[in-house]
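Worksheet: one structure, shown below.
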Amino acid sequence: MKRLVPNAAALLAVLFAAIPLAPAFAHTGTGVSLGLLSGFMHPLSGADHLVAMVAVGLWGAQLGNPAIWVLPVTFPLVMAVGGVLGVLGVPLPAVEPVIALSGIALGLMVALSARPPLWVAAAMVGVFAIFHGYAHGQELPEAADAVAYAAGFVAATGLLHLSGILIGVLVGWEAGARVVRTCGAAIGCVGVYFLLASVGVIE
Amino acid sequence: MKRWLRLLAAAAALALAPTAAHAHLVDTRLGDFYSGALHPLTDLQQVLPWIALAVLAAFQGAQRARWIILVFPLALAAGGVASLYLPLPAFAPLLGLVLVAVTGLAVAVAARLPLGVLLAIAVVMGLLHGAQNGAAMVVTTDRVLFLSGMTAIGYGVITLATGSAIAFLHGAAWRPIALRAGGSWVAAVGIMVLGLNLVRPVAG
Numbered sequence: 001m002k003r004l005v006p007n008a009a010a011l012l013a014v015l016f017a018a019i020p021l022a023p024a025f026a027h028t029g030t031g032v033s034l035g036l037l038s039g040f041m042h043p044l045s046g047a048d049h050l051v052a053m054v055a056v057g058l059w060g061a062q063l064g065n066p067a068i069w070v071l072p073v074t075f076p077l078v079m080a081v082g083g084v085l086g087v088l089g090v091p092l093p094a095v096e097p098v099i100a101l102s103g104i105a106l107g108l109m110v111a112l113s114a115r116p117p118l119w120v121a122a123a124m125v126g127v128f129a130i131f132h133g134y135a136h137g138q139e140l141p142e143a144a145d146a147v148a149y150a151a152g153f154v155a156a157t158g159l160l161h162l163s164g165i166l167i168g169v170l171v172g173w174e175a176g177a178r179v180v181r182t183c184g185a186a187i188g189c190v191g192v193y194f195l196l197a198s199v200g201v202i203e
Numbered sequence: 204m205k206r207w208l209r210l211l212a213a214a215a216a217l218a219l220a221p222t223a224a225h226a227h228l229v230d231t232r233l234g235d236f237y238s239g240a241l242h243p244l245t246d247l248q249q250v251l252p253w254i255a256l257a258v259l260a261a262f263q264g265a266q267r268a269r270w271i272i273l274v275f276p277l278a279l280a281a282g283g284v285a286s287l288y289l290p291l292p293a294f295a296p297l298l299g300l301v302l303v304a305v306t307g308l309a310v311a312v313a314a315r316l317p318l319g320v321l322l323a324i325a326v327v328m329g330l331l332h333g334a335q336n337g338a339a340m341v342v343t344t345d346r347v348l349f350l351s352g353m354t355a356i357g358y359g360v361i362t363l364a365t366g367s368a369i370a371f372l373h374g375a376a377w378r379p380i381a382l383r384a385g386g387s388w389v390a391a392v393g394i395m396v397l398g399l400n401l402v403r404p405v406a407g
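Residue numbers (our numbering), protein chains in the order written: chain Z, 1 to 203; chain D, 204 to 407.
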């Protein structure tokens with residue numbers, strides 16, 4: 001059997017054939033896909049939103065039953081009310097400072113492992129849910145696909161809660177409980193940074 | 204041997220040639236079946252309430268859930284046929300959003316509904332979505348194939364989703380809560396887009 005000798009002409013032909021002459025349309029960032037992506041990224045791209053949502057999950061895990069299951073079911077619904085206010089353009093004061101404040105307050109609750117009555121915790125989280133929903137809802141009219149955008153940011157928010165709940169599983173161990181409380185303190189610090197930034201104290 | 208190598212290289216060059224593949228059968232006659240099947244899947248306003256309806260049915264138990272596997276695709280087909288003769292009502296987009304919110308809310312609270320109410324939701328949803336998909340047909344669309352595709356995908360999705368939800372519900376206590384949380388996501392989407400619909404009409 002003869003040795004295989006690379007044929008320059010054939011190799012060149014393969015190379016030219018591999019160069020695309022027609023557009024590939026690989027990016028399908030229109031309509032549903034763009035709406036879904038932009039909605040999904042909205043809570044993830046703002047650290048103030050992100051840490052507050054994780055804190056909600058952490059606190060739910062610390063509080064245990066029934067908060068741990070009341071929270072993921074009711075939060076999106078209350079957030080939707082805030083979303084509608086944002087869509088309708090109903091003026092809500094100090095949205096960004098309150099969102100930053102939510103990080104501080106929820107972080108503090110986790111850091112202190114606070115156990116208020118369920119209705120107090122629910123009311124506190126509910127008020128913050130309205131402000132977070134408001135911020136997301138303001139973007140809704142501009143979305144490429146409103147339903148996809150809403151589905152994206154609701155799913156991202158729910159998954160952030162789930163992340164918090166899963167991290168919060170550590171409370172079952174003494175050292176893990178300390179880790180969770182430390183996470184709460186760190187979230188509070190992030191909240192302080194965003195609060196100072198939102199009122200113009202730091203750039 | 205050298206000749207074979209050249210032939211092989213030429214064959215490879217042809218195989219790698221980046222021309223349009225025409226993998227989508229929209230240009231062929233059978234393509235209208237796939238168009239009908241894919242049309243509802245490209246709209247979350249339809250897919251979300253379908254899955255919510257399936258989960259809602261699963262919460263009613265397997266005995267009752269079986270009915271929507273029959274009723275929903277039939278309603279979908281009837282809605283598609285109706286679209287051939289009747290114009291889409293002006294309230295269709297609003298009704299579609301209400302269905303997203305209502306089915307999501309019902310799942311979020313794990314509502315136990317009378318069978319008649321469950322089937323009424325399935326019929327209204329099927330008729331509406333069938334008509335909305337049917338309205339997308341153009342003059343050149345093969346209507347039988349399109350409507351068959353739409354009905355087949357409706358049957359497939361509702362059957363798989365209902366079966367999966369029933370199977371998922373058996374087991375640990377967190378499972379119904381996970382489905383209820385999913386329902387609250389769907390409801391939240393519906394409520395917010397309903398709010399947007401008050402500001403400007405949302406295409407449905």
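Beta carbons: idealized from backbone N, C-alpha and C, even for Gly.
In this structure, DSSP gives Ser45 of chain Z a helical state, which the three-state scheme calls helix. Collapsing the DSSP output to three states places Trp173 of chain Z in coil. Using a CB distance cut-off of 8 angstroms, Ser238 of chain D does not count as an interface residue toward chain Z. Straight across, the Cα-Cα distance linking Leu118 of chain Z with Ala67 of chain Z is about 7 angstroms. For the pair of segments examined, the segment 335-350 of chain D was found not to touch the segment 257-272 of chain D: the number of CB pairs separated by less than 8 angstroms stays below three. Counting along the chain, Arg206 of chain D sits inside the alpha helix (DSSP H) bounded by residues 205-219. DSSP places Phe153 of chain Z inside the alpha helix (DSSP H), whose first and last residues are 146-168. The C-beta of Trp59 of chain Z comes no closer than 8 angstroms to any C-beta of chain D. For the pair Gly152 of chain Z and Phe40 of chain Z, the CB atoms are nearer than the 8 angstroms cut-off. Remark: C-beta atoms of Val56 of chain Z and Leu108 of chain Z do not approach each other more closely than 8 angstroms. With respect to the 8 angstroms criterion, Leu397 of chain D and Leu300 of chain D are classified as neighbours on the basis of their beta carbons. Interface residue (Cβ-Cβ distance to chain D less than 8 angstroms): Pro141 of chain Z is classified as such.
For Met53 of chain Z, no chain D residue has a C-beta closer than 7 angstroms to its own C-beta; the minimum C-beta separation is roughly 14 angstroms. In this structure Ala391 of chain D touches Met79 of chain Z by the C-beta definition: roughly 6 angstroms separates them, less than 8 angstroms. Contacts with chain D at 8 angstroms (Cβ-Cβ) do not include Gly164 of chain Z. Within chain Z, the C-beta atoms nearer than 8 angstroms to that of Ile394 of chain D come from Leu77, Ala80, Val81, Gly83, Val84, in chain order. The Cβ atoms of Ala384 of chain D and Gly82 of chain Z lie no closer than 8 angstroms to each other.
About 15 angstroms separates the beta carbon of Thr362 of chain D from that of Ala280 of chain D, a gap too long to meet the 8 angstroms contact definition. In the DSSP assignment, Leu289 of chain D falls outside any alpha helix (DSSP H) and carries neither an H nor an E.
Using beta-carbon distances, Gly191 of chain Z does not count as an interface residue toward chain D, since no partner is under 8 angstroms. Identification of chain D residues near Pro117 of chain Z by a Cβ-Cβ cut-off of 8 angstroms yields none; the smallest Cβ-Cβ distance measures about 21 angstroms.
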